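Residue numbers (the UniProt record's numbering): 1 to 127.
So, in structure tokens, the structure goes:
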């Protein structure tokens, strides 16, 4: 299964009419199907929290909002920041490296962004 992350092989196909999205794992397909069905079987156990999620990973990330856990530490010497998800840490690391992988393709713009969110917010100014 791990090899598929390198080969790009995605043998699991969503059967929902008009979808056809492909996935490398059966679990990926199963959690995707829940976007069509609305099923959210993973419920937060925190008192007075009514949130539910389609994957156990999403529940785990949410649980950190209650516990305050930030297990993903910035590896740069002297920084000391920690994050709730590895993706947030990855975007933060770009503040140290200067990497900006999201380029605006609008002619004569030339802007680039460290996060997909900032890029998506930016391209709205061109529409």
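Glycine is no exception: its CB is placed at the ideal position from the N, C-alpha and C atoms. Bear in mind the structure is a predicted one, so any value in this text is a computation, not a measurement.
> Which class does residue 51 belong to by DSSP, given the choice of helix, strand or coil?
Replying inline: coil
> Unbroken alpha helix (DSSP H) runs of length 4 or more, entirely within the UniProt domain "C2H2-type" (72-101): which are they?
Replying inline: 86-97
> Which whole runs of the alpha helix (DSSP H) in the UniProt domain "C2H2-type" (102-127) are 4 residues long or more, in chain order?
Replying inline: 116-123
> Whose C-beta lies closer than 6 angstroms to the C-beta of residue 81 among residues of the same chain, with five residues either side of it excluded?
Replying inline: 74
>> When you compare the CB positions of residue 52 and residue 61, do they come within less than 8 angstroms of one another, or not?
In response: no
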